[in-house]
Amino acid sequence: MSAGARPERLRTSSRQRPQTPPPLPTAEARPVPLALSSLRTEGVNRDYYQKKRNAGRTHKQALVALARRRVDVLWALIRDHRTYTAQPPPRTLAAA
2 MSAGARPERL
12 RTSSRQRPQT
22 PPPLPTAEAR
32 PVPLALSSLR
42 TEGVNRDYYQ
52 KKRNAGRTHK
62 QALVALARRR
72 VDVLWALIRD
82 HRTYTAQPPP
92 RTLAAA
């Protein structure tokens, strides 16, 4: 299999035509990403988005950067077995 190719579905009937994937949902039916919905209210997410926009990024680039940052925060919370608080915990120096 080459890169980017998806595997063929197994055919359980005698039909010979290839099965096509279902159509993509329309723009109205697509779910709104959390990063986009977080821009509606004032706060750190909107400030980060504005910082990226002021740095010359397009809307889409700034939105992707915000989404990546939110995923990084979520991953750190899972990794450290913590719950979210507005203020990050104090950093401790690792023993050398």
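Here my numbering is used: the first residue of the sequence shown is 2, the next is one more, and so on. Even glycine gets a Cβ: it sits at the ideal position worked out from N, Cα and C.
Given that a residue counts as buried once 16 or more other Cβ atoms are within 10 Å of its Cβ, and exposed if not, what is residue i?
{"i": "lysine 61", "result": "exposed"}
{"i": "alanine 77", "result": "exposed"}
{"i": "leucine 94", "result": "exposed"}
{"i": "leucine 67", "result": "buried"}
{"i": "asparagine 55", "result": "exposed"}
{"i": "leucine 75", "result": "exposed"}
{"i": "proline 32", "result": "Residue placement at proline 32 is flagged as unreliable, the pLDDT there being 46, under the threshold of 50; the coordinate-derived value follows with that caveat. Per the 10 Å Cβ criterion, exposed."}
{"i": "tyrosine 50", "result": "buried"}
{"i": "alanine 63", "result": "buried"}
{"i": "methionine 2", "result": "Low local confidence applies: a pLDDT of 49 at methionine 2 is under 50, so the model's placement there is unreliable, with the coordinate-based value given in what follows. Label assigned to methionine 2: exposed."}
Starting from residue i, follow the alpha helix (DSSP H) in both directions and report where the run begins and ends.
{"i": "alanine 68", "result": "60 to 81"}
{"i": "tyrosine 85", "result": "First-last for tyrosine 85: undefined, no H or E at that position."}
{"i": "arginine 47", "result": "45 to 55"}
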